[in-house]
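Q:
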Amino acid sequence: MKKTVALIVCLLSLFAVSSCSLFSSKAPLKHYYQVYYQPKKSASQPINATLRIKAFDADKVYKRYNLVYRTSLEEMFYYNTHFWASKPADMITDLVSNHFSKRQIFSDIILTIDKKPNYVLSGRILALDEVIEDEKSYARVAINFELKDYKTTDVIVAHSFDRKQKVEGNKPVDVVRVMGGIIEEELEVFISKIYETLENSD
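Numbering of the sequence shown is given in the numbering used here, commencing with residue 6 and proceeding in unit increments.
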């Protein structure tokens, strides 16, 4: 009888200890990220036209808030504790809008059709990944940009890129910073094409 009581007391003690550790354990800390940089003001005169920036689209993989990492083109994973602060399509739309506004590329920029624009800029996100290869981390960004004539819907300027760049560091925030640098550089290439095309069309 004493052995039985002792065994029950021992089991209850173990249950109490495990219950305390279970309820006292903290949930994993969640991290939220945003691609951000501060574009420099342009020395060129703004193009005298109204530009509408449409909400960007994204492949299905990037319609979630989770950051994506890959070990190959065929295999991908979602981080469980690392998230975008907003959906990638919304985040990149805001980033492009801020870039064009701060650089003063066009005299007027709108996000909704409250008046008829001269041009419409749209884009599609094809890749926004951390790529892990041979224990090294890379940032990969692939986006298609298009500038269309609003009246004719003809594509005036198109720019596509798919870049992978090594990351110095092993944290998701380091990957996000490199992504911002890639997008900033590629937007400048796109803007150069826009200036060249529209100036030659005058």
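Virtual Cβ for every residue (Gly too), placed ideally from N, Cα, C. These numbers come from a predicted model, not from an experiment.
(1) Between Ile97 and Trp89, what straight-line distance do the alpha-carbon atoms span, to the nearest angstrom?
(2) Buried or exposed: where does Ser77 fall if 16 or more other Cβ atoms within 10 Å of its Cβ makes it buried?
(3) With contact counted as at least three CB pairs below 8 Å, one residue from each stretch, are the segment 113 to 131 and the segment 175 to 189 in contact?
(4) Return the Cβ separation of Val40 and Val181 in integer angstroms, given the expectation that the two are a contact with Cβ distance under 8 Å.
(5) List the DSSP bridge partners of Gly128.
(6) Assuming Ala144 contacts Ile187 (C-beta within less than 8 Å), just tell me the rounded distance between them.
(7) Can you tell me which of Asp167, Lys156, Ile137 and Lys153 puts its alpha carbon nearest to the alpha carbon of Ala147?
(8) Is the CB-CB distance between Phe105 and Ile137 below 8 Å?
(9) CA-CA distance, Asp119 and Asp134?
(10) Name the one or two DSSP bridge partners that Met81 has.
(11) Tell whether a beta-carbon distance below 8 Å holds between His87 and Leu72.
(12) So what's Leu56 in DSSP terms, helix, strand or just coil?
(13) Taking Ser112 as the reference, which of Ala54, Glu140, Tyr155 and Lys68 has the closest Cα?
(14) Quick one, are the C-beta atoms of Pro93 and Tyr67 less than 8 Å apart?
(15) Under 8 Å, do Tyr155 and Lys121 count as touching if we go by C-beta distance?
(16) From what residue to what residue does the alpha helix (DSSP H) around Tyr200 run?
(17) By Cβ distance below 8 Å, which residues in the same chain neighbour Gln43 in space, the five residues on each side in sequence not counted?
A: The short version:
(1) Counting from 1 along the sequence shown, the entry for residue 97 is found at position 92. Counting from 1 along the sequence shown, the entry for residue 89 is found at position 84. Rounded to whole angstroms, Ile97 to Trp89 spans 11 Å at the Cα level.
(2) Residue 77 sits at position 72 when you count from the first residue of the sequence shown. Burial call: exposed.
(3) no
(4) Here residue 40 corresponds to residue number 35 of the sequence shown, with the count starting at 1. Here residue 181 corresponds to residue number 176 of the sequence shown, with the count starting at 1. That pair is a contact at about 6 Å.
(5) Numbered from its first residue, the sequence shown carries residue 128 at position 123. Note: Gly128 sits in a beta bridge opposite Phe150.
(6) As a first step, residue 144 is located in the sequence shown; it is residue number 139 there, counting from the start. As a first step, residue 187 is located in the sequence shown; it is residue number 182 there, counting from the start. Confirmed, about 7 Å.
(7) Indexing the sequence shown from 1 puts residue 147 at position 142. Taking only the C-alpha atoms, the option nearest Ala147 is Asp167.
(8) Along the sequence shown, read from residue 1 onward, the residue named residue 105 stands at position 100. Along the sequence shown, read from residue 1 onward, the residue named residue 137 stands at position 132. Their beta carbons are not under 8 Å apart, which means Phe105 does not touch Ile137 by this criterion.
(9) Counting from one through the sequence shown, the residue named residue 119 turns up at place 114. Counting from one through the sequence shown, the residue named residue 134 turns up at place 129. Taking the straight line from one Cα to the other gives about 35 Å.
(10) To locate residue 81, count along the sequence shown from 1; it is residue 76. Answer is Arg75, bridged to Met81.
(11) As a position in the sequence shown, residue 87 is number 82, starting the count at 1. As a position in the sequence shown, residue 72 is number 67, starting the count at 1. Against a cut-off of 8 Å, the Cβ pair of Leu72 and His87 comes out as a contact.
(12) Position 51 of the sequence shown, counting from 1, holds the residue named residue 56. DSSP places Leu56 in strand when its eight states are reduced to three.
(13) Against the sequence shown, residue 112 aligns to sequence position 107. Answer by Cα proximity: Ala54.
(14) To locate residue 93, count along the sequence shown from 1; it is residue 88. To locate residue 67, count along the sequence shown from 1; it is residue 62. Contact: yes.
(15) If you number the sequence shown from 1, residue 155 lands on position 150. If you number the sequence shown from 1, residue 121 lands on position 116. Yes, they are a contact pair.
(16) As a working mapping, residue 200 is identified with position 195 in the sequence shown. Its alpha helix (DSSP H) spans residues Pro177 to Ser206.
(17) In the sequence shown, residue 43 corresponds to position 38, counting from 1. The answer, listed in chain order, is Lys107.
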